[in-house]
Amino acid sequence: MDNHHSSKVEVEAARARRNNLSRKIFDWISKPHPQDITPFQKSILGVDWDKSPLGPISTWPIQLKQMVLLVVQDHAPALIFWGDENTVIYNEYFAPLIGNKHPALQGQDPYVGMPEIWDRFDGLLVTQRETGEALFERNDCLMLYRHGFLEETYFNWKSIPVIGPEGWVVGIYATVVEVTREVLSDRRKSTVRLLSRELSEASSIQEMWKGLITGIQSAVIDIPFALLYSCAPRKGSGESKSPQSILASEIQCSLEGCVGIASGHALAPETIELDHEDQSELGPWVRKALEERAPTLIPIPDTMQPIEWRGYGRPTQGVICPIIPANTESALAFLILALNPRRPFDEDYQNFIHLLTQQITMPQLSAMILREEVERRRNLARQEALDRERLHKELSDSETKFARFASRAPIGLAIQDTNGKVLSANDIWTNLTMLGIGSEQGAWETVLADGESELLSGVWAQMIHDKQPTTIQTRMITQWTAPDLDLDGNPQEGFTHILVALYPDQDERGEVSTVMSCITDISGLKWSENQLRKRMDQAIEMKTQQERFVDMTSHEMRNPLSALIGCADEITTSLKKYTSDLKKPSSIENSSANSNMGFQKPLHLLDDAMEAAEIIIYCAMHQKRIIDDILTLSRLDSKLLLVSPEPSQPIQLVRGALKMFQAEVKRADVRLDFVEQKTLQLLDINWTLLDPSRVLQVFINLMTNAIKFTRIEAQRHIKITIGASCIKPSVPNEFGVEYIRKNTDSQDQTGNPEWGDGEVIYFTIAVTDTGRGLTIEEKKRLFSLFQQASPKTHVQYGGSGLGLFISQQLAEMHGGEIGVASERGKGSTFQFYIKTRRTTPPLTGLPERSDVQLHVREDELREACGVKLPALLDEPQLSNLKIDVSLSPVPQASHPPSSFHVLVVEDNLVNQKVVSKQLRKAGHIVDVANHGEEALDFIRQTEYWEGSTGENGRLHVILMDLEMPVMDGLSCVKRIREHQAQGMINHHIPVLAVTANARKDQIMASMEAGMDDVMTKPYRMQDMLKQIGSLVAKQDRLDLAGK
1 MDNHHSSKVE
11 VEAARARRNN
21 LSRKIFDWIS
31 KPHPQDITPF
41 QKSILGVDWD
51 KSPLGPISTW
61 PIQLKQMVLL
71 VVQDHAPALI
81 FWGDENTVIY
91 NEYFAPLIGN
101 KHPALQGQDP
111 YVGMPEIWDR
121 FDGLLVTQRE
131 TGEALFERND
141 CLMLYRHGFL
151 EETYFNWKSI
161 PVIGPEGWVV
171 GIYATVVEVT
181 REVLSDRRKS
191 TVRLLSRELS
201 EASSIQEMWK
211 GLITGIQSAV
221 IDIPFALLYS
231 CAPRKGSGES
241 KSPQSILASE
251 IQCSLEGCVG
261 IASGHALAPE
271 TIELDHEDQS
281 ELGPWVRKAL
291 EERAPTLIPI
301 PDTMQPIEWR
311 GYGRPTQGVI
321 CPIIPANTES
331 ALAFLILALN
341 PRRPFDEDYQ
351 NFIHLLTQQI
361 TMPQLSAMIL
371 REEVERRRNL
381 ARQEALDRER
391 LHKELSDSET
401 KFARFASRAP
411 IGLAIQDTNG
421 KVLSANDIWT
431 NLTMLGIGSE
441 QGAWETVLAD
451 GESELLSGVW
461 AQMIHDKQPT
471 TIQTRMITQW
481 TAPDLDLDGN
491 PQEGFTHILV
501 ALYPDQDERG
511 EVSTVMSCIT
521 DISGLKWSEN
531 QLRKRMDQAI
541 EMKTQQERFV
551 DMTSHEMRNP
561 LSALIGCADE
571 ITTSLKKYTS
581 DLKKPSSIEN
591 SSANSNMGFQ
601 KPLHLLDDAM
611 EAAEIIIYCA
621 MHQKRIIDDI
631 LTLSRLDSKL
641 LLVSPEPSQP
651 IQLVRGALKM
661 FQAEVKRADV
671 RLDFVEQKTL
681 QLLDINWTLL
691 DPSRVLQVFI
701 NLMTNAIKFT
711 RIEAQRHIKI
721 TIGASCIKPS
731 VPNEFGVEYI
741 RKNTDSQDQT
751 GNPEWGDGEV
761 IYFTIAVTDT
771 GRGLTIEEKK
781 RLFSLFQQAS
791 PKTHVQYGGS
801 GLGLFISQQL
811 AEMHGGEIGV
821 ASERGKGSTF
831 QFYIKTRRTT
841 PPLTGLPERS
851 DVQLHVREDE
861 LREACGVKLP
871 ALLDEPQLSN
881 LKIDVSLSPV
891 PQASHPPSSF
901 HVLVVEDNLV
911 NQKVVSKQLR
921 KAGHIVDVAN
931 HGEEALDFIR
941 QTEYWEGSTG
951 ENGRLHVILM
961 DLEMPVMDGL
971 SCVKRIREHQ
981 AQGMINHHIP
991 VLAVTANARK
1001 DQIMASMEAG
1011 MDDVMTKPYR
1021 MQDMLKQIGS
1031 LVAKQDRLDL
1041 AGK
C-alpha cells in the first residue's frame, strides 16, 4: 500500500516537474538528478543499496527520501535509523565524528559498524519504537573506536521517532554534538585547582612534594599513575657545587612519592642514577628530559609484575616533566606521569600537563627553594672546612701508606715525567726493566728486544696527546725460563714479556704532569698462551685425522658389504641352478649317456658357490679386523687394557707364531729367514714372565705389515731376528733402529707386584723386509694415531692406521719400546723390545689351548697380509726356518660327536636357525630355546633335574647367548648354578657363552656368573665344534675323577 502510494506520488512529482520547468529542483535522490549535486550526495547514491535492507533507491518510500533530504541539508551532525534493521544514513557533518568508520558505515547495520557502543543504543531505539517519545542526553561518555584505538569521547545527542503513514515508528532521526573537549577541560581544570590549593599550603620542599602527590590523586583517568623524583648531587660527587655546575652524571634521583603504583615496583625504583651505567627502564628517558629541559614523551614498558591500574587499564605512554624553578637552570625534580590510554596526547592534553608543572615553578615556590638552598650552602661551607682539615691529615697518612704499598706490591710501580724520566720506582720495577731512578726515555732501547723501543715510544707519545690511560705488551732482552722441560728433558727459554700500563695524571689546567707506570711480568702467561695455541693446533689436527679415520673406517666397513651381498646372491643363484638341473629328467638321461658331460656344469656351479663363500669369509675377516682395532683402541683410551704376566718361553712363542704364517708366506712367494742371536744361548733364555697375547699381538702386526708391503716387490725377503739383553737396549743398534719417543698416556705395568722380583731380561724382536721403504716424512707420521705412512697407503695396501699406534702402546705397557729403520726403496726394519723377568716353569705344564693359537685363524691372517682374493698358490719357499713348538692336542671327547646333545639358547631366530642347522650337520642332537626362561623349562625335563622323568634325555652342553628378552644369559646361568648348588640339578652342565661382547671385563663377568667358557662372535663352526668337544671332554674327566 505504502509503495503503491509512493509510486503514485512520484509519478505526480515527475509530471509537476515537466509542467513547471522554470522551478529549480533540489531533490537529488530522484531521477533525473540535478547537475549541481555535491560529492557527499554522490557518495550516498554510490552505496550499493540493492544489498541493504532498504533496497534500491527507486523503491524507497517518499517519507524515507524526504528524511534523507532533510538530514543531508542539516548543517549540524545528524543521521537517521530506518526500518526494523536500523539502517544508518548520516550527513556530511556527522562523518568527522566517526573517524575511520566513514564511509563504510553509510547504509550499514550499526551493530556491524559500531559494535563497541551499539548494545546500549539498540535498547534505547527499541524503547523509542514502543513509546514514540524523543530522547535527549548530555555529556554522554562513549568509548568509540574511530582513530585506530578505543577512544574516550563525550556527546550531547537527541533522537526523535519518525512516524510513518500507518501511524507507527518507521525510523529515528538523531542529531549529535561532540563535547569531548569541554568535558575533559572541566575535569582537568578541577585537578589543577586542587593541586594549586595543596601546594599553596606548603612551607618546605618536602611539604611541597607531599602536596603535589595529594593533588594528583584525584586525576584517576587523566593520570593513571605518577612518580615524583627529587634531584640531588650523588653522595661524594657534587654536594658543594652550585646547582648550575652539577653535571647530569653526578645527579641522583630519589623517589619522593607515587600514585597508582607501589614503591619498589619495576616501574618505580627507589633511585635513578643519571650516569650512563644506570640501565633501569626510566634512567635513559630521565637523562633525555634533563638534556632537552622539556617534557619528554616515553613508552610505558609492559611489566610481568601484577598491578591494579587506575582509569582505563594499562597505559602505553607517559611523559617525563623536569621541574625547573624560575630563575634557575637545574632541575629540582622530575614528575613522571602516565597518560590516559584512551585519549591522544594532543594539544589540550599537553596544556594540562604544562599547567600542572607550572603550579610548582611559581615565584613564591622558587623563593622557598632559594631559602633552603642558602641554608644548605651555609651548612656545606661549615662541613667543607671540617673536611679540609680531615683530608689534610688523611692525605699525609695516604702518602705513607702508598709508599709502603709500592714497596710491597707484586707489580712494578714508577712515576715518570712527561719525557719519560723516572722520578721514583719500587724495586720490582727497576729489577724488571733494569733501569734505575733518573733514567731517561731513551734508555729503554738498551733493555728491550729489537723493534720494541720504537713501538713503546709511539704508545707513550699517543698517551701524552690523548691524556688517556693505555697498555702495551713488549719484550725484554733478558731470557725467561719455563717451569717445565720439553719432551727431550731440555729447559725451554724465551724472551721476558712484560705488560706496561700507563696512567697520566693531570694538573689543574688539564695538562699531563706525571705518568704512573705499572709493569707486570707476563712471561708465564705468554708461555701458557703459546702452549694452549699449540695444543689447539694439535687438537684441530687430531680432529682432522679422526675425520679421515672415520671416512676410511666407514669405507672399509661398508665396501665389503657389496661383495658379501653379491657373493650371497651368487651362491643362491648357483644352488638354485644346480637344484633345477638335478630335477630335469634330461639331466639323468644325459648322465647315463655321458657322465662327464652331464655333471660338468653342476660341478662348475658348485665351484662358483665355494669361491663366493671364500670371498664372504674374507670380507667378514676384513670387517672383524677393523672392529678389533677400534675395540683395542677404546680399551687403551679408557685405561682398561692390562698386561697380564704368565710363565712363557719367548723363543718357542715366536716360533709358534711363525708357524701360523707358513701358508701366507707360501702364497706371497716370500723367503723367510729366522735368526736367533747368540745372546739367547749366553743368557740361557728359557722361562720368563710376559704377556704372550700382547707380545704376539705386536709381532703379528709387524709380520702382516711386512708380508703386505713385500708381496708386490720384485725381491721378497723377510728376516726375523730375536735376541736378549740384561740391560735396556741402546740406540743406535746394529739395525740402525731409532726408538719412538714414549707416549705419555701409556704406563709401564711390569713394576706391578704380580711380575715378581726375578732377574730382568730385555727380549728383542726385529722384522726386516724388502718392501718399498719409508721417507723421512712418512716415518714421522708412522706411529701417530689414525695415521699411515701416506694417504696412498690405505688405497694401495689397506689398513686402518691403528696397528702401529696400538703396537707402540702395548710395547710401552710391557716396559719396552718400538722403533723403525727405513729408507725409501731399500726396505724397512721394525724392532721392539719388552721387559721380562726370569721365572720357573709352571707346575701343571702347558694349558690345553696354546697361547700360540690365540684364536687367530688362517683366513684372518690371509686378509691382514693383504691378499685381495682367496687363492691357492704354490708351495712355500722357506729357508733357514726351523719351527719346533709342542702344542698340546685338543682333548678328544669320550663320546663320538654325534652323541652330543646341545641346547642352543638364542633369541635371534636367524642365528638360531643357522647354528642349529650347522650343529645337526655335524651329527649332534640339537634343541633350541628363545630365552633363559625357556632354557630352564627345558632343563627341568632332562635327566639332570631331580625327580624329573627325563624325557629330554641327557644334556651335554648349552650354547648361551647373553643379550635376550625375558631372561638374559647371565641371569639364566646364575639360576642354573643356584639350582645345582641346591641339589635340584644333580650334575654339572657345561655352559658356553656365545656373545659379541669381547672386552676382557665382559668375558670375566660371564665366567664369574657361572659360564664354563666364552666364544666371541664372529666364529667358524669348526672352532665352535672344537670348543664343544673340549668342554664335554673336560666334564667327562671330572666325572671319572669323581667316581
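Every letter in the sequence shown is one number past the one before it in UniProt numbering, and letter 465, counting from 1, is 465. Built from N, CA and C at the ideal position, the CB exists for glycine as well.
Measure the CB-CB distance between R146 and N100 and report whether it falls below 8 Å. By 1-based counting over the sequence shown, the position of residue 146 is 146. By 1-based counting over the sequence shown, the position of residue 100 is 100. Taking 8 Å as the Cβ cut-off, R146 and N100 qualify as a contacting pair.
Flag this pair as yes or no: are the beta carbons of S439 and V459 separated by less than 8 Å? Indexing the sequence shown from 1 puts residue 439 at position 439. Indexing the sequence shown from 1 puts residue 459 at position 459. No, these two residues do not count as a Cβ contact at 8 Å.
May I have the straight-line CA-CA distance separating E713 from V665, to the nearest angstrom? The count along the sequence shown starts at 1 and reaches residue 713 at position 713. The count along the sequence shown starts at 1 and reaches residue 665 at position 665. Between E713 and V665, the C-alpha separation is close to 14 Å.
What's the C-alpha gap between S52 and I44? Translated into the one-based positions of the sequence shown, residue 52 becomes position 52. Translated into the one-based positions of the sequence shown, residue 44 becomes position 44. In a straight line, the C-alpha of S52 is about 13 Å away from that of I44.
Through-space distance from G494 to A482, alpha-carbon basis: Sequence index remark: in the sequence shown, residue 482 carries index 482 (1-based). Sequence index remark: in the sequence shown, residue 494 carries index 494 (1-based). Roughly 8 Å between the two C-alpha positions.
From which residue to which residue does the alpha helix (DSSP H) around W444 run? Within the sequence shown, numbered from 1, the residue matching residue 444 stands at position 444. Run containing W444: none; DSSP gives neither H nor E here.
Could you pull out every unbroken alpha helix (DSSP H) segment of at least 4 residues lying fully inside the segment 24-94, listed in chain order? 39-45 and 62-73
Got a sec, what are the start and stop residues for the alpha helix (DSSP H) L680 sits in? Stepping through the sequence shown from its first residue, residue 680 is reached at position 680. Counting along the chain, the alpha helix (DSSP H) containing L680 begins and ends at T679 to L682.
To the nearest angstrom, how far is it from the Cα of G825 to the Cα of T710? Residue numbering aside, residue 825 sits at position 825 when the sequence shown is read from its first letter. Residue numbering aside, residue 710 sits at position 710 when the sequence shown is read from its first letter. One C-alpha to the other measures close to 11 Å.
I'd like to confirm the pairing. Which residues does DSSP put opposite P315 in its beta bridges? The residue you call residue 315 lines up with position 315 of the sequence shown. Note: P315 sits in no beta bridge, so no partner.
Would you identify the three-state DSSP class for S915, choosing helix, strand or coil? Against the sequence shown, residue 915 aligns to sequence position 915. Note on residue identity: the sequence assigns Val, not Ser, to residue 915. Here V915 sits in helix by DSSP.
Rounded to whole angstroms, what's the CA-CA distance from A1005 to S828? Just pull it up for me. Counting from one through the sequence shown, the residue named residue 1005 turns up at place 1005. Counting from one through the sequence shown, the residue named residue 828 turns up at place 828. About 42 Å.
Comparing alpha-carbon positions, which option in P410, A449, D684 and S644 lies nearest P753? By 1-based counting over the sequence shown, the position of residue 753 is 753. The candidate whose alpha carbon is nearest that of P753 is S644.
Buried/exposed call for S592, threshold 16 Cβ in 10 Å: Taking the first residue of the sequence shown as 1, we reach residue 592 at position 592. Summary for S592: the model assigns pLDDT 48, below 50, so the residue's position carries little reliability; its value from the coordinates is reported in the next sentence. Within a 10 Å sphere around the beta-carbon of S592 sit fewer than 16 other beta-carbons, which makes this residue exposed.
Would you check if the segment 962-969 and the segment 922-937 touch, i.e. whether three or more CB-CB distances between them fall below 8 Å? Because the criterion of three Cβ pairs below 8 Å is met, the segment 922-937 and the segment 962-969 touch.
For I718 and L680, which I take to be in contact (beta-carbon distance under 8 Å), what is that distance rounded to the nearest angstrom? In the sequence shown, counting from the first residue as 1, residue 718 sits at position 718. In the sequence shown, counting from the first residue as 1, residue 680 sits at position 680. About 20 Å; that fails the 8 Å criterion.
Limits of the beta strand (DSSP E) - the one that residue 1044 falls within: Since the displayed the chain opens at 1 and closes at 1043, residue 1044 lies outside it and no answer follows.
As a quick exercise: from T296, A331, A333 and V820, pick the residue whose alpha carbon is nearest that of P732. The count along the sequence shown starts at 1 and reaches residue 732 at position 732. Here the closest residue by C-alpha is V820.
Does DSSP put R975 in a helix, a strand or coil? The sequence position of residue 975 within the sequence shown is 975, counting from 1. Correct three-state label for R975: helix.
So, for A355: in the same chain, excluding its five sequence neighbours on each side, which residues have a beta-carbon less than 6 Å away from its beta-carbon? Indexing the sequence shown from 1 puts residue 355 at position 355. In the sequence as presented, Ala is not what sits at residue 355; that position holds Leu. Cβ neighbours of L355 beyond the five flanking positions: V192.
Rounding to the nearest angstrom, what Cα-Cα distance links L499 and E777 in this structure? Looking up residue 499 in the sequence shown gives position 499. Looking up residue 777 in the sequence shown gives position 777. Each residue's Cα considered, the two are about 40 Å apart.
Quick one: what does DSSP say P753 is sitting in, helix, strand or coil? Counted from its first residue, the sequence shown places residue 753 at position 753. The answer is helix: DSSP assigns P753 an H, G or I state.
Considering only C-alpha positions, which residue in the set E823, E137, L802 and K835 is nearest to I765? In the sequence shown, residue 765 corresponds to position 765, counting from 1. Checked all of E823, E137, L802 and K835; the closest Cα to I765 is K835.
Looking at the unbroken beta strand (DSSP E) that takes in M1015, where does it start and where does it end? Walking along the sequence shown from the start, residue 1015 turns up at place 1015. Its beta strand (DSSP E) spans residues D1013 to T1016.
Determine the extent of the beta strand (DSSP E) in which Q473 is found, giving its start and end residues. Within the sequence shown, residue 473 is the residue found at index 473, counting from 1. Per DSSP, Q473 belongs to the beta strand (DSSP E) from T470 to L485.
For residue 1061, which residues of its own chain have a beta-carbon under 6 Å away from its beta-carbon, when the five flanking residues on both sides are left out? The structure shown does not extend to residue 1061, since the chain is modelled only from 1 to 1043, so the question has no answer here.
Can L274 and I307 be called in contact, C-beta distance under 8 Å? Numbered from its first residue, the sequence shown carries residue 274 at position 274. Numbered from its first residue, the sequence shown carries residue 307 at position 307. In this structure, I307 does not lie closer than 8 Å to L274 by Cβ.
Could you tell me the alpha carbon to alpha carbon distance between residue 1098 and A333, rounded to whole angstroms? The structure shown has nothing for residue 1098, since the chain only spans 1 to 1043.
State the Cα-Cα distance for the pair I958 and Q918, rounded to the nearest angstrom. Your numbering for residue 958 matches position 958 in the sequence shown. Your numbering for residue 918 matches position 918 in the sequence shown. For I958 and Q918, the distance between alpha carbons rounds to 15 Å.
Which two residues bound the contiguous beta strand (DSSP E) that contains V126? As a position in the sequence shown, residue 126 is number 126, starting the count at 1. Per DSSP, V126 belongs to no beta strand (DSSP E); it is in the alpha helix (DSSP H), P115 to T131.
Do Q63 and P165 have their beta-carbon atoms positioned less than 8 Å apart in this structure? For the purposes of this step, residue 165 is taken as residue 165 along the sequence shown, with counting starting at 1. For the purposes of this step, residue 63 is taken as residue 63 along the sequence shown, with counting starting at 1. For P165 and Q63, yes; Cβs fall inside 8 Å.
Unbroken alpha helix (DSSP H) run spanning E182, endpoints: For this step, residue 182 is matched to residue 182 along the sequence shown. Element bounds for E182: T180 to S200.
Going straight from the alpha carbon of D140 to that of P284, what length do you get? Position 140 of the sequence shown, counted from the start, is the residue given in the question as residue 140. Position 284 of the sequence shown, counted from the start, is the residue given in the question as residue 284. Roughly 41 Å between the two C-alpha positions.
What does a CB cutoff of less than 6 Å around I806 pick up in its chain, not counting 5 residues either side in sequence? Reading the sequence shown from its first residue, position 806 is the one you call residue 806. In its chain, beyond the 5 residues on either side, T632 have a beta carbon closer than 6 Å to the beta carbon of I806.
As assigned by DSSP and simplified to three states, the class of N686: Taking the first residue of the sequence shown as position 1, residue 686 is located at position 686. Here DSSP, grouped into helix, strand and coil, assigns N686 to coil.
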